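Written below as structure tokens is the structure these notes are about.
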Amino acid sequence: MSTIRVEGLRHVYSAKTPFEKIAIDNIDITIGNGELVAIIGHTGSGKSTFIQHLNALLQPSSGTVFVDDEDINADKLSRRDVKRKVGLVFQYPEYQLFEETVYKDIAFGPENMKLSADEVDQRVREAARFVGVDEELFESSPLELSGGQKRRVAIAGVIAMRPGVLILDEPTAGLDPAGCRQILDNICQYRKESGSTVIIVSHNMDDVARIAERVIVFNEGGIAMDGTPNEIFCQPEKLMDMGLNVPHSSLIALELKKRGFPVSCPCYTPQQLKNAILAEKEAGVC
Amino acid sequence: MSIIKFEKVSYSYPGDELPSLCGIDLSIEKGQFVAVLGHNGSGKSTLAKHMNAILVPDEGRVLINGVDTADENRVLDIRRNVGMVFQNPDNQIVANVVEDDVAFAPENLGVAPEEIRRRVDAALKQVGMYELREHAPHLLSGGQKQRVAIAGVIAMEPEIIVLDEPTAMLDPMGREEVISTVTKLCREKGMTVVLITHHMDECVNADRLVVMSNGNIVADGAPAQVFSQVELMEGEGLDVPDTTRLLYELRKEGLELSLEALSPADCAEEIMKIIRG
Amino acid sequence: MLKDITLGQFFPGNTIVHRLDARTKLILVVVYIAALFQATGWISYLAVTAATGTCMYLSRIHPKNMFKGLKPMIFIIVLTAVLNIFYTTGTPVLPGWPITWEGIERAVQMILRIILLITGTFLLTYTTSPIALTDGLEKLFNPLKKIKLPVHEMTIMMSMALRFIPTLIEETDKIMSAQKARGADFETGNLIQRAKAMLPILVPLFVSAFRRADELAVAMESRCYHGGEGRTRMKMLKMQFRDWAALIIGGAFLAMMIVMKKFGL
């Protein structure tokens, strides 16, 4: 339940050396309370650098990041506090599990916040429920779990801090389709119940098309497109020009258009495309 | 004679209650591109590890070119003939310089230095990494690292290359690089390719698709034909390509469509047949 | 920060220094260290510095990379300097001061000695690929195989370690960021608290290192690794004329340093 406002954000790696590289530049954006945003862009487009600025893991070379109207880099204390407000789940988060039991690992974040034992317990149970980790697993070692379970425990470890914004970098990377679906469902459910803002970084356009309400496209260190999935995916040619994949259904629609059968957008999920085709067919028959 | 032959192969990991492979029968012909699809824990990686004698069957046998993998005297022959590429590119690169890594396998095989040099250069050219031969592997992208790993096994000049989820950790561009590289090896060099994956889009170009579930083969055939069994695939917790999904949904609406179109172009063609009447 | 560590890094090149046989370079480094420890007077320090400078020039390694390598050593260098300045007896700089002229001289010489020592060894790793380096070690220690020392195993372990240093450093960075995002604090608290705060980094790092080792072993076996027996090398080590020349120059240099020490230069 937090708002993010970014103004003139720029980040330069290895500044003032021959290896100087501008990772992101001129980023201005507001992400409102409770939005479900997907960030897409190919590797090196600056999206990972961007999200690490949202909880002050990286400090801007210039520009300002506000969370709930407070400058998160104002001083050391605000840099610490923002980590509680903005939870960041890295790629392959299961590699950060370290405690002897699942319970203790999920409790690591809340305990760092110096909460009472009762409060910690409550948050651990709540977070575990959100991601579908059974309480029976609380006493097992995180190392004994399956890949998908580990991933969900690691996400619970961040959710347990009750962040107003939850950012997930490629939460489904390396999982099989069933595992992907479950994680995405968990995230949507969490967002519905907690009302928190959720930002997902993803390469999988079909996933993005299915769940996002707003899509931000990064390209060459800047924001190239920003809009609803409708607005973004109804311009598949533009995405392809940036070297990005488009949902498979959009590809089929493009092929149909080539064959003289333009289908009206939205048509980037199989369901939409089916309805569009049926509608066109009806119209054609009449 | 089949180049890879599984005969009633069963295997359980020590300490596991359920077997990972339950009496698998499978024959793969020379030069085929075979994709093996299955969810996590379906036994597909266990199947792969049987192909180069990393694992040997509890029951039944695996024959590579007629040689039993359980024959300890022939293990090196088999491994030389079956190149294996794994999921995590970082954990299979052994040297700090690309070309030294590619040389690792031929060095182990005791090949003469000039011949190693020739094979290393040829292998790097085939995967398109020759220009970067003096680079440090940790500075490469995921797709490039995986191509180095592929070069590392083709330097053994194997007949078969088995890839165990080689794209699971890569971004879309890296996945594309790896898949097009192995497709080329199969189509141009006549290598037998076994690709283990859970990304169904990677199976589309294969000659044959084998679907595994709980240690059994549940479907086996041409990709288009296998994917058209939508209910079966869903029952196994697997997806079908969106092209098949669309045709399937349209068919449920009463349209007379074949489900065996996989590429967007074929799919569009199939729909146009109905539209044009 | 962690990325600044250049230990075990190799800068490919085609200079005379790069082309020398790894064995030659290994022996020369030993000779160099021996020579360095002969240095007592300013003239001999000057001689070693000049020799190091020449090698660096020949290798075309940018001095910037050397300084980068020295960075993690600054603490040790400063500490040595301070100890020498304050704990050397002699003529005080000003009456009543604990600092002596001899102390300052010793401190400067010690700093020079450490820097030269590090620069010399870095020159070896910067210009020699780890494979060549471990091959060289294996060849040099080959006679020890006779007393059942597992020379091949030791050298291959060393080259694997060098190979995985950058990977593990990158991984440490990632894990640190992830734990920081969960509110972990590595910067405040007393020594025990800070040591405890390292657990969330060390445990995942070890778990992952073991997993990597496991997967690496399978990958190596799959590529027909079966110990050192019958292995060949793509890049055969071969002593050339230049290697013998370099060794003779190195030997002469050491002799010169010993003579200089005799005369207290």
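Those sequence lines, one after another, are chains W, Z and P.
All residue numbers for the first sequence refer to my numbering, where the first residue is 911 and numbers rise by one.
All residue numbers for the second sequence refer to my numbering, where the first residue is 60 and numbers rise by one.
All residue numbers for the third sequence refer to my numbering, where the first residue is 16 and numbers rise by one.
By construction, the Cβ of each residue, glycine as well, lies at the ideal position given by its N, Cα and C atoms.
Please read these numbers as outputs of a predicted model, since none were measured by experiment.
What G198 (chain P) touches in chain W, judged by beta-carbon distance under 9 Å, is R990, K993, R994, F1018, G1019, P1020, E1021, N1022, M1023 and M1071, going in chain order. With respect to I184 (chain P), L220 (chain P) sits apart: the two C-beta atoms are not nearer than 8 Å.
Under the three-state reduction of DSSP output, T115 (chain P) falls in the strand class.
Between I213 (chain Z) and A182 (chain Z), the C-beta spacing is below 8 Å. Counting the other CB atoms within 10 Å of its CB gives P1052 (chain W) a total of 16 or more, which places it among the buried residues.
In the three-state DSSP reduction, D75 (chain Z) falls in the coil class, being neither helix nor strand.
Assigned with DSSP and collapsed to three states, R197 (chain P) falls in coil, not helix or strand. Across the set P:L139, P:A50 and P:T95, the C-alpha of P:L139 shows the shortest separation from the C-alpha of R75 (chain P).
With respect to the 8 Å criterion, T1107 (chain W) and G1074 (chain W) are classified as neighbours on the basis of their beta carbons. Of P:V222, P:K154, P:M175 and P:A193, the smallest CA-CA separation from M254 (chain P) is found for P:K154.
About 6 Å separates the beta carbon of R1101 (chain W) from that of L946 (chain W), a gap short enough to meet the 8 Å contact definition. In summary, the residues of the segment 291-305 of chain Z whose CB is separated from some CB of chain W by less than 8 Å are G296, L297, D298, P300, D301, T302, R304 and L305, in the order they occur in the chain. For M271 (chain Z), the closest C-alpha among the options Z:Q91, Z:L80 and Z:R176 is that of Z:L80.
Sequence-distant partners of A1163 (chain W) (beyond 5 residues in either direction) whose C-beta falls short of 7 Å from its own C-beta, in its chain, are V1173, C1177 and L1183. Of the other Cβ atoms in all chains shown, fewer than 16 fall within 10 Å of the Cβ of Y72 (chain P); this residue is therefore exposed. Distance between S1160 (chain W) and V1127 (chain W), taken at the CA atoms: about 17 Å.
Residues P1081 and T1082 of the same chain have their beta carbon placed closer than 6 Å to that of I1093 (chain W), with the five preceding and five following residues left out of the count. Three or more Cβ pairs drawn from the segment 267-285 of chain Z and the segment 101-113 of chain Z lie within less than 8 Å of each other, which places the two stretches in contact. Under the Cβ criterion of 8 Å, P27 (chain P) is not counted among the residues facing chain W.
Looking from the CA of F1000 (chain W), the closest CA among W:R990, W:E1049, W:I1077 and W:G1057 belongs to W:I1077.
Residue pairing by DSSP places G280 (chain Z) opposite Z:L268 in a beta bridge. When secondary structure is reduced to three states using DSSP, K40 (chain P) falls in the helix class. The straight-line gap separating the alpha-carbon atoms of L127 (chain P) and D150 (chain P) is approximately 31 Å. In terms of beta-carbon proximity, L164 (chain P) stays away from the interface with chain Z, with every pair separated by 8 Å or more. At least one beta carbon of chain Z lies nearer than 8 Å to the beta carbon of P1180 (chain W).
Boundaries of the alpha helix (DSSP H) around A210 (chain P): L206 to A212. Ranked by Cα distance from E1009 (chain W), the first of P:V218, P:I130, P:K211 and P:V108 is P:V218. The Cβ atoms of P1020 (chain W) and V1043 (chain W) lie no closer than 8 Å to each other.
Sequence-distant Cβ neighbours of T1011 (chain W) in its own chain, meaning closer than 8 Å and more than five residues away, are F1048, E1049, S1050, S1051 and P1052. Cβ-Cβ separation between T103 (chain P) and M125 (chain P): approximately 10 Å, too far for a contact (criterion under 8 Å).
Look at I190 (chain P): its C-beta is under 8 Å from a C-beta on chain W. Rounded to whole angstroms, the Cβ separation of H1113 (chain W) and D230 (chain Z) is 5 Å, and the two are in contact under 8 Å. Neighbourhood of P1087 (chain W) in chain Z, by CB distance below 9 Å: H98, H257, H258, M259, G296, L297 and D298, in chain order.
What K1060 (chain W) touches in chain Z, judged by beta-carbon distance under 7 Å, is nothing: the nearest beta carbon there is about 12 Å away. DSSP places S223 (chain P) within a helical segment (H, G or I) once states are collapsed to three.
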